[in-house]
Structures are given as C-alpha cells and as structure tokens.
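Below: one structure, written as structure tokens.
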Amino acid sequence: METGLYIVATPIGNFGDMTSRAVDVLQGVDLVAAEDTRHSQRLLQHFAIDSRLTAYHDYSDERAQQRIAEVLEGGGSVALISDAGTPLISDPGYRLVREMQARGFRVYPVPGPCAAIAALSVCGLPTDRFRFEGFLPARAGARDNRLQALASETATLVFYEAPHRIAVTLAAMAAAFGGDREAVLAREITKTFETIKRDTLQGLGEFVNADANQQKGEIVLIVAGMPAEELKLDASTAGLLQRLAGELPAKRAAALVAEYTGLRKKVLYDYLLSVKGD
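Numbering (full-length UniProt numbering), first residue to last: 1 to 278.
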C-alpha cells in the first residue's frame with residue numbers, strides 16, 4: 001500500500017454497493033479515520049476488515065490531524081471514510097485533505113456510492129447542469145434567504161435534508177420557487193424502504209404530510225431549475241446584454257446591465273447562460 005491518505009466511498013445503505021477496491025484499501029491501510037467509529041465498526045466487521053480505527057469528524061482538533069500525519073510520516077497509509085457515501089460531500093474532511101497535501105502527502109480518491117449522484121441518476125430531471133447545495137440552514141430566516149437567492153437558478157438543484165425538517169423545507173421551497181416547480185424526493189436510496197417520487201413541490205409537500213413514513217431516513221431533494229423562458233427580459237435589455245457579452249465576460253456584462261437597469265445581476269447572468277445553452 002502506497003503511503004498516503006485514501007478517501008474511500010462506502011455504501012449509502014446496501015452493503016452490496018461496496019467496491020472491491022474499497023475493501024482492499026480498508027484492509028491494507030494502517031489506520032481508518034471514521035466519522036463515527038461505532039457506526040463504521042459494523043461496516044468493517046461485515047467485510048472482515050481489522051484495520052485500526054480512529055475518530056475524525058468536523059469537531060476534531062489538531063491532535064486528531066497530527067495522529068493521522070504521524071502515520072503518514074512513518075511511511076504508513078490512512079483511509080478516511082464517512083458514515084455513508086463519499087467523504088467530503090457534505091461530510092467532514094476537507095481540512096484534513098488540505099493539511100496532508102500541504103505536508104507533501106498524496107491523497108488518493110477511491111470512488112463509489114454518493115447519495116447526490118445516485119438520486120440525480122434516477123430523478124428524471126435535466127442533469128447536464130446541476131448545483132449541489134447540501135443542507136439548507138436550519139433557521140427559517142437564513143433558509144428562506146438562501147432559497148430566494150436560488151429562485152432564478154436555471155440548473156437543477158440538489159439538496160440534502162434532515163427528515164424532521166422535510167415538510168417545512170418543501171413548504172419553504174414552494175413559497176420561494178412556486179408550488180408548480182417540478183421536484184423529486186429521493187429517500188432511503190438503496191435501502192429497504194427506498195422512495196423515488198417526482199411531482200410538483202406542492203404535490204410533494206402534500207405527499208410527505210400525508211405519510212409520516214416519508215419523514216424518516218436519509219433524504220435527497222432535487223428541484224428543477226427555473227425554465228429559461230421565465231427569465232423574461234424586454235428586447236432592448238436583452239439586446240444590450242448580449243452585445244456587451246460579446247465584448248466582455250458574461251459576469252461583467254451582467255453587472256453593468258444590472259447597474260444600468262436595476263435588475264438583479266444573477267437574473268441577467270442566468271439569462272446569458274440560457275442563451276448560450278440554446
């Protein structure tokens with residue numbers, strides 16, 4: 001096993017999704033750094049992996065990083081895993097990666113399951129452009145502000161959400177994006193009670209409120225982007241914007257027209273992206 005830090009994806013529910021390379025790496029490293037050692041111990045036992053286990057999570061201090069660095073400095077190898085899926089995708093780890101790279105150590109990706117990508121693959125919405133937002137803020141005001149900022153985004157939006165907040169979040173999304181915006185609820189992916197349901201935001205809200213079981217487990221929400229035709233600009237503004245974009249970077253053109261017209265810069269920039277996409 002080459003010296004370095006291995007970022008290892010693990011199953012999001014079904015142990016059958018574990019890759020053979022992931023098993024080999026976890027069996028071969030000198031130390032496995034896990035978000036929750038009690039949770040990860042079950043995974044390691046299932047695959048008869050007896051590598052030493054230590055905790056590493058968002059609240060780990062510099063001593064935890066130093067323990068990992070000492071293994072690498074001694075010529076050993078370390079694997080980082082999260083509770084499920086691909087580490088660093090709304091999971092801890094980027095500070096560790098940056099620190100080990102800064103110390104001159106190689107960081108190796110060992111790809112595999114990821115809830116966001118799995119949900120995108122079955123959502124039935126456009127995936128040529130998508131924007132991963134992770135978890136929305138828990139506080140209502142901050143959450144609503146974030147959603148308002150995303151209201152004119154034309155790319156498909158991907159969110160993670162906690163089960164106890166799913167009903168409130170769907171209502172907030174309907175208020176910010178419109179209740180008729182298409183969306184997908186992907187819940188408990190690869191597990192026994194997997195749910196993949198596409199409907200409007202209003203329809204999904206009604207579905208979740210009518211069935212308490214849909215307010216349990218791991219949840220990915222995918223929301224269609226604003227249709228390009230809704231980014232309405234009058235002919236003169238659209239013409240000016242496109243002429244400037246022919247001479248300047250799109251963001252600069254959008255900023256200048258926003259200053260001149262009072263329209264939101266993001267709406268103008270998204271319009272240019274939609275025209276370019278056409």
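Each residue gets a CB set at the ideal place from its N, CA and C atoms; glycine is no exception. Treat the numbers as computed from the prediction; the structure is a model and nothing was measured.
Taking C-beta atoms as the reference points, Arg181 and Ala155 fail to come closer than 8 Å. Contact annotation: the stretch 3 to 23 touches the stretch 108 to 117, with at least three C-beta pairs closer than 8 Å. In the DSSP assignment, Arg67 forms no beta bridge with any residue.
Ala79 is bridged by DSSP to Tyr6, Val32. Counting only residues of its own chain and dropping the five nearest sequence neighbours on each side, Lys265 has a CB closer than 7 Å to the CB of Ala254, Ala255, Ala258.
For Ile166, there is no enclosing beta strand (DSSP E); the residue is found in the alpha helix (DSSP H) stretching over 166 to 177. By the neighbour-count criterion, in which a residue is buried when 16 or more other Cβ atoms sit within 10 angstroms of its Cβ, Ala102 is exposed. Pro163 and Gln215 do touch by the CB rule: their CB atoms are close to 5 Å apart, below 8 Å. Considering only Val97, Thr190, Asp234, the residue with the shortest C-alpha distance to Tyr56 is Val97. Assigned with DSSP and collapsed to three states, Glu182 falls in strand.
Here Asp91 is not bridged, per DSSP, to any residue.
For Phe135, the pairing in a beta bridge is given by DSSP as Tyr160.
Taking a cut-off of 8 Å for Cβ pairs, the stretch 86 to 94 and the stretch 50 to 67 touch, as three or more such pairs fall below it.
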